[in-house]
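Some notes on the structure that comes next.
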Amino acid sequence: MELTKATLERIADIEDKIHAYVTITEDIALRQAEEADDCIRSGNITLLAGVPVLIKDVICTKGIRTTCSSKMLENFIPPYDATVMKKLKAQKTVILGKGNMDEFAMGSSTEHSAFFPTRNPWNLSCVPGGSSGGPAAAVVNNEAIYAIGSDTGGSIRQPAGFCGVVGLKPTYGRVSRFGLVAFASSLDQIGPITKDVTDCALVMNAIAGYDPMDSTSVSYPVPDYTSCLNRDLKGLHIGIPKEYFVEGMQEGVKSALEAAIKKLKELGAEIDWEASLPSTKYALAVYYIVAPSEASANLARYDGVKYGFSEQKASSVIEAMEKTRQLGFGSEVKRRIMLGTYALSAGYYDAYYLKAQKVRTLIEQEFEQAFEKYDALVTPTSPTVAFKLGEKLEDPMQMYLSDVCTLPINIAGVPAVSVPAGFVAGLPVGMQIIGKPFSEETILHIAFAYEQATDWHKREPKI
Ligand code: GLN
Numbered sequence: 001m002e003l004t005k006a007t008l009e010r011i012a013d014i015e016d017k018i019h020a021y022v023t024i025t026e027d028i029a030l031r032q033a034e035e036a037d038d039c040i041r042s043g044n045i046t047l048l049a050g051v052p053v054l055i056k057d058v059i060c061t062k063g064i065r066t067t068c069s070s071k072m073l074e075n076f077i078p079p080y081d082a083t084v085m086k087k088l089k090a091q092k093t094v095i096l097g098k099g100n101m102d103e104f105a106m107g108s109s110t111e112h113s114a115f116f117p118t119r120n121p122w123n124l125s126c127v128p129g130g131s132s133g134g135p136a137a138a139v140v141n142n143e144a145i146y147a148i149g150s151d152t153g154g155s156i157r158q159p160a161g162f163c164g165v166v167g168l169k170p171t172y173g174r175v176s177r178f179g180l181v182a183f184a185s186s187l188d189q190i191g192p193i194t195k196d197v198t199d200c201a202l203v204m205n206a207i208a209g210y211d212p213m214d215s216t217s218v219s220y221p222v223p224d225y226t227s228c229l230n231r232d233l234k235g236l237h238i239g240i241p242k243e244y245f246v247e248g249m250q251e252g253v254k255s256a257l258e259a260a261i262k263k264l265k266e267l268g269a270e271i272d273w274e275a276s277l278p279s280t281k282y283a284l285a286v287y288y289i290v291a292p293s294e295a296s297a298n299l300a301r302y303d304g305v306k307y308g309f310s311e312q313k314a315s316s317v318i319e320a321m322e323k324t325r326q327l328g329f330g331s332e333v334k335r336r337i338m339l340g341t342y343a344l345s346a347g348y349y350d351a352y353y354l355k356a357q358k359v360r361t362l363i364e365q366e367f368e369q370a371f372e373k374y375d376a377l378v379t380p381t382s383p384t385v386a387f388k389l390g391e392k393l394e395d396p397m398q399m400y401l402s403d404v405c406t407l408p409i410n411i412a413g414v415p416a417v418s419v420p421a422g423f424v425a426g427l428p429v430g431m432q433i434i435g436k437p438f439s440e441e442t443i444l445h446i447a448f449a450y451e452q453a454t455d456w457h458k459r460e461p462k463i
């Protein structure tokens with residue numbers, strides 16, 4: 001209860017500067033905190049009992065508004081809980097509210113929220129990254145102890161990097177997507193955003209596992225993710241894929257990464273600077289065919305008939321649907337729907353969608369080959385630190401480029417974690433550690449060893 005109250009006070013004090021929350025569920029939080037205290041008193045203790053969490057507003061929460069930061073779902077209250085919510089509730093965690101994001105998780109800055117942008121607690125004129133900008137900003141700013149995000153092309157890792165916290169995108173199939181509002185179903189994964197690696201492992205223990213409600217979830221044993229955390233990296237082979245040190249990368253980010261990799265070596269890892277994933281250069285193009293194609297199909301359901309925003313001023317059903325979508329969606333969402341519908345249309349399907357699927361297979365195979373040699377790959381999470389609000393808003397290509405290092409990982413379906421690895425001009429730098437499918441233990445082990453040998457994760461923004 002004390003922790004919940006302190007966090008709610010922090011929110012009350014600071015939230016008008018940050019705007020991390022779309023909905024604050026104070027009453028629910030206080031009630032749940034009381035229930036958690038009762039459980040703890042009766043000796044029924046789980047590790048997340050009484051710990052307050054912020055949930056990205058793309059995950060369905062029974063009885064709590066779930067907007068996807070879109071006008072389309074502004075008043076949508078789900079009648080059911082996502083599987084991760086059920087699992088977290090079973091742990092007696094405390095739900096503080098719903099986190100701001102780019103509309104339907106499309107974006108890299110949280111500026112595409114239909115409601116308001118979120119600000120980066122390290123510098124209020126900068127973006128927190130996206131699309132899970134609200135969750136990442138809240139965690140570093142003590143407006144939540146941890147958060148749950150979703151990641152389709154970088155939406156957990158990139159904001160974690162920009163805000164100086166830990167963010168893990170699990171292997172595709174590791175965490176149930178049931179109740180996650182779909183963006184691109186073959187890429188989407190739910191994962192934790194936390195203050196440190198130990199918390200990340202604890203949250204994974206709670207949310208990972210097979211779910212009969214998600215046909216893509218995998219029935220593979222869930223280890224205790226905390227048991228692999230130790231400080232020694234001896235015997236581990238780490239590859240540094242040169243294609244990720246991209247053109248246009250910020251000099252400070254590059255030198256921070258080089259120093260971090262040197263640290264991994266000191267800790268006993270064997271580093272190979274010559275690793276290569278040559279098809280990486282096609283990843284952005286593949287992503288911007290596959291993700292919008294799936295989005296155009298997934299978002300077809302928002303027609304104003306069964307739920308969500310509905311424009312009634314129309315003379316026919318077709319006109320009502322057209323107006324609903326015209327007024328309900330923001331410009332980035334419309335851009336994705338158009339890109340996807342085009343790529344899937346007869347005559348273009350083979351040239352775009354099918355071709356992209358073939359290149360996707362190539363990218364997957366390159367990761368498989370790399371993992372025959374290496375236990376993990378290390379790259380920057382993003383080519384730059386957080387940018388200024390408004391800086392990339394009018395230039396979608398520049399915005400898309402901020403995910404060049406993260407989206408190949410979703411294309412391949414493998415796990416990756418971003419950990420704080422330095423600062424450039426007062427803004428955090430993220431290091432991305434990528435693993436083979438279902439090797440979350442290995443990347444968390446590396447992340448933990450690095451974290452314990454540095455103090456980046458202990459710094460806090462002063463606002
Ligand atoms: N920024 C990427 C996009 O706009 C990724 C978003 C995400 O991971 N949800 O599609």
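Going by our numbering, the first residue of the sequence shown is number 1, and it counts up by one from there. Using N, Cα and C, we set each Cβ at its ideal position, and we do this for glycine too.
Query	Result
Contact test: Phe-183 Cβ vs the ligand GLN heavy atom, cutoff 7 Å	yes
CA nearest to the CA of Phe-516, picked from Ser-125, Ala-12 and Ser-155	With the chain covering 1 to 463 only, the question about residue 516 has no answer from this structure.
Rounded straight-line distance, which links the Cα of Gly-426 to that of Trp-122	7 Å
Contact belief for Asn-120 with Ala-144 at Cβ below 8 Å, rounded distance in angstroms	Asn-120 to Ala-144, Cβ: 16 Å. No contact.
CB of Tyr-348 within 8 Å of CB of Ile-289, strictly	no
Cβ pair Gly-149, Ile-193 closer than 8 Å	yes
DSSP state of Asp-272 mapped onto helix, strand, coil	strand
Val-84 vs Ile-64 beta-carbon contact at 8 Å	no
Best match in Pro-78, Ile-337, Lys-169 and Asp-199 for proximity to Glu-451 [C-alpha to C-alpha]	Asp-199
Bounding residues of the alpha helix (DSSP H) (the contiguous stretch that carries Leu-96)	Here Leu-96 belongs to no alpha helix (DSSP H); instead the beta strand (DSSP E) covers 94-99.
Stretch pair the stretch 22-34 + the stretch 91-98: three plus CB contacts closer than 8 Å	yes
Whole-Å CB distance - Asp-102 paired with Ser-69, under 8 Å assumed	7 Å
The ligand GLN heavy atom lying under 7 Å from the CB of Met-397	no
DSSP beta-bridge partners of Val-253	Looking at the DSSP assignment, Val-253 forms no beta bridge with any residue, so it has no partner.
For Ser-293 and His-112, the rounded distance between their alpha carbons	19 Å
Leu-217 versus Leu-267 - alpha carbon distance	Rather than Leu, the amino acid found at residue 217 in this sequence is Ser. Approximately 35 Å between the Cα atoms of the pair.
The ligand GLN heavy atom lying under 7 Å from the CB of Thr-379	no
Segment contact flag, the stretch 69-79 with the stretch 303-314, C-beta cutoff 8 Å, min 3 pairs	yes
Closer than 7 Å: Thr-61 CB and nearest the ligand GLN heavy atom	no
Straight-line gap, Glu-35 to Ala-90 (C-alpha atoms, nearest Å)	11 Å
Cut-off 7 Å between Cβ atoms - residues of its own chain near Ala-114, not counting five sequence neighbours on either side	Ser-69, Ser-70, Lys-71, Glu-103 and Gly-330
Closer than 7 Å: Thr-152 CB and nearest the ligand GLN heavy atom	yes
Distance, Glu-440 Cα to Gly-235 Cα	17 Å
Complete runs of the beta strand (DSSP E) confined to the stretch 251-338 [at least 3 residues]	270-272
Counterpart residues of Thr-194 in DSSP-defined beta bridges	Tyr-146 and Val-166
Neighbour-count burial assignment, Glu-247, 16 or more Cβ in a 10 Å radius	exposed
Contacts around Thr-442, its chain only, beta-carbon distance under 8 Å, and the 5 residues preceding and following it disregarded	Cys-228, Leu-236, Asp-375, Ala-376, Gly-435 and Lys-436
CB contact flag (Pro-221, Leu-277, <8 Å)	no
Secondary structure, beta strand (DSSP E): runs of 3+ residues fully inside the stretch 55-105	94-99
Straight-line Cα distance separating Pro-117 from Thr-46	35 Å
Ser-155 beta carbon near the ligand GLN (any heavy atom closer than 7 Å)	yes
Counted within 10 angstroms of its Cβ, other Cβ atoms place Gln-365 as buried (16 or more) or exposed	exposed
Ala-370 versus Glu-270 - alpha carbon distance	15 Å
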